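Input: a single structure, listed below in C-alpha cells.
In my numbering, the protein residues as written are 755 to 1035.
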C-alpha cells in the first residue's frame, strides 16, 4: 500500500509520516518545499494543491491520500479529478470541529473545510473526515516566543476554554483511517481529554519548564496587534470571537481518540512536557 501525505511539513502531516513509516506502509510526502533530509527513506515530491496538475508525480501509484488542503474552492473539483485519474481509492481529510458548529464567527472556516470534505465525497472516494478541535501546538505558535523572551503571556480572554489535542493523537487516528476500513465513511470529532482555560494551559506549560509564567490581560487592540503577527486577518477575527465565546462554556470533549486507538488522548500537561524545549530560551 502506498499513502500520499499532503501538508508534509506541517505538524500533523510530519507526525503522520513517522507513524505510517513504522507500520511498513510505503509513504510519499508532498508539500510546496519538501525537505528530503527530514525524512530519509521517504519519497519526497514537490507540489502545490492550489495547482492540482502539479500533484500528478506525487499521485502516481498512490492508493490513499491524507489531504490537508488550503486550496481555493474553485480548484477542488480539479483536485478530486486528479486523484481519481491516478486511481486513488481512499482520501482521509484533515478538517475541523468548526464544521459542526453554528456560531456566525466560524462561518469562514466552516465553509472552507466543508468545501474540501464535499469535493472528496462527491468525487466518489472512500472518505474519512477527521475534525479536530484546538491543536495543542497552538501553544507553541501563540505563546512560545513570549515565554522564551519574557516568561509572560498576553491573553485577551484568560478564561477561554479549549480541549487541546496533540498532533500525535490525530496522526494515530489517521493511521487507522488510512490503513483499515474501520472508519470508512465517518466524520470524527477529535479533541484532547479535558477542557482547560488558557490560564490553566499556560500554567501547565510553566510546570513543564519549571518556571512561573505571568499572564497579562490584553485589550482587544493589543491582542490583535500581538496575535496578528502569526494569524491572517480572517483567522484573527475568527479566533478573537471564538475565544470570547469560549469564556461562557466548557469546550466539547469527545472520547474518539480512545475509541479508535484503545488509549486515552494525550493530556495537555503531558504534551507540554514532551515539547518543553520549544518554551525554553
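Glycine included, every Cβ here is placed at the ideal spot set by N, Cα and C. Please read all numbers here as calculations on a predicted model, not as lab measurements.
Please confirm whether residue i has its beta-carbon closer than 9 Å to some beta-carbon of chain B.
| i | result |
| --- | --- |
| residue 972 | The structure shown contains no chain B; it is built from a single protein chain. |
Give me the DSSP bridge partner(s) of residue i.
| i | result |
| --- | --- |
| residue 942 | 884 |
| residue 810 | Paired residues: none, contrary to the question. |
| residue 800 | 785 |
| residue 821 | 847 |
| residue 758 | 782 and 819 |
| residue 889 | 919 |
| residue 950 | 916 |
| residue 707 | This structure leaves residue 707 out entirely; the chain is present only between 755 and 1035. |
Using a 10 Å radius around the Cβ and a threshold of 16 neighbouring Cβ atoms, would you call residue i buried or exposed?
| i | result |
| --- | --- |
| residue 789 | exposed |
| residue 870 | buried |
| residue 976 | exposed |
| residue 974 | exposed |
| residue 702 | Beyond the ends of the chain as shown, which are 755 and 1035, falls residue 702; an answer cannot be given. |
| residue 858 | exposed |
| residue 818 | buried |
| residue 915 | buried |
| residue 996 | buried |
| residue 928 | buried |
| residue 971 | exposed |
| residue 785 | buried |
| residue 866 | buried |
| residue 820 | buried |
| residue 1003 | exposed |
With DSSP as the reference, label residue i as helix, strand or coil.
| i | result |
| --- | --- |
| residue 1019 | coil |
| residue 1028 | helix |
| residue 786 | coil |
| residue 829 | helix |
| residue 967 | coil |
| residue 983 | coil |
| residue 794 | coil |
| residue 903 | helix |
| residue 857 | coil |
| residue 772 | helix |
| residue 896 | helix |
| residue 868 | helix |
| residue 876 | helix |
I think residue i touches residue j, with their Cβ atoms under 8 Å apart; what is that distance to the nearest whole Å?
| i | j | result |
| --- | --- | --- |
| residue 822 | residue 932 | Not really, about 13 Å apart at Cβ, beyond 8 Å. |
| residue 796 | residue 781 | 5 Å |
| residue 987 | residue 953 | Wrong, their Cβ atoms sit about 26 Å apart, outside the cutoff. |
| residue 923 | residue 944 | 7 Å |
| residue 873 | residue 833 | 7 Å |
| residue 959 | residue 1026 | 5 Å |
Give a single yes or no on whether residue i has its beta carbon closer than 8 Å to a heavy atom of the ligand ZN.
| i | result |
| --- | --- |
| residue 843 | The ligand ZN is not among the ligands present in this structure, which contains no ligands whatsoever. |
Q.
Pairs of beta-carbons, one from the segment 960 to 971 and one from the segment 799 to 812, closer than 8 Å: are there three or more?
A. The answer is no - the segment 799 to 812 does not touch the segment 960 to 971, with fewer than three Cβ pairs under 8 Å.
(Q) Count Cβ pairs between the segment 981 to 992 and the segment 871 to 890 that sit closer than 8 Å; are there 3 or more? (A) No, the segment 981 to 992 does not touch the segment 871 to 890.
Q: Please determine if the segment 871 to 882 and the segment 841 to 848 are in contact, where contact requires at least 3 C-beta pairs separated by less than 8 Å.
A: Output reads yes: the segment 841 to 848 touches the segment 871 to 882.
(Q) Using a Cβ distance threshold of 8 Å, determine whether the segment 1021 to 1030 contacts the segment 899 to 913, with at least three qualifying pairs required. (A) Segments in contact, no.
Q. How do the segment 824 to 834 and the segment 914 to 930 stand: do at least 3 beta-carbon pairs fall below 8 Å, yes or no?
A. Contact between the segment 824 to 834 and the segment 914 to 930 is absent, because fewer than three Cβ pairs lie under 8 Å.
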